[in-house]
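Novice:
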Ligand code: FES
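Residue numbers (the numbering used here): 92 to 175.
#1: With DSSP as the reference, please indicate the residues paired to residue 167 in a beta bridge.
#2: Quick check: is the beta carbon of residue 151 nearer than 9 Å to any beta carbon in chain D?
#3: How would you write the range of the beta strand (DSSP E) that residue 149 sits in, first residue to last?
#4: From what residue to what residue does the beta strand (DSSP E) around residue 126 run?
#5: For residue 152, tell me which candidate among 100, 158, 138 and 174 has the shortest Cα-Cα distance.
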């Protein structure tokens with residue numbers, strides 16, 4: 092492996108996910124929000140986030156959400172975490 096290659100680690104199986112990221116406003120359940128293309132809308136007060144960049148697109152949330160490169164291999168979810 093070269094230094095520039097992205098390393099992915101398995102974090103869960105596709106059948107093991109029950110909860111996701113919480114909204115940065117007051118912790119609404121973003122896994123219950125509506126996804127339209129790259130735009131995720133929080134079900135509680137309508138804040139919108141770009142799911143690729145994590146950037147807030149519409150308030151009331153002001154703080155971006157954290158995003159990571161993800162890929163699916165078979166029934167496994169793999170994530171690339173930033174180097175410390
Ligand atoms: S908790 Fe998400 S917009 Fe308020």
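Every residue gets a Cβ at the ideal spot worked out from N, C-alpha and C, and that includes glycine.
Specialist: Considering the structure as presented:
#1: If you number the chain shown from 1, residue 167 lands on position 76. Paired residues: 104 and 164.
#2: Note that chain D does not occur in the displayed structure, where there is just one protein chain.
#3: On the chain shown, residue 149 is found 58 positions in, with the first residue counted as 1. Looking at the DSSP string, the run of the beta strand (DSSP E) that includes residue 149 is 147-149.
#4: Counting from 1 along the chain shown, the entry for residue 126 is found at position 35. If you look at residue 126, you'll find it in the beta strand (DSSP E) that goes 125-127.
#5: What you label residue 152 is simply residue 61 of the chain shown in a count that begins at 1. Ranking 100, 158, 138 and 174 by Cα distance to residue 152 puts 138 first.
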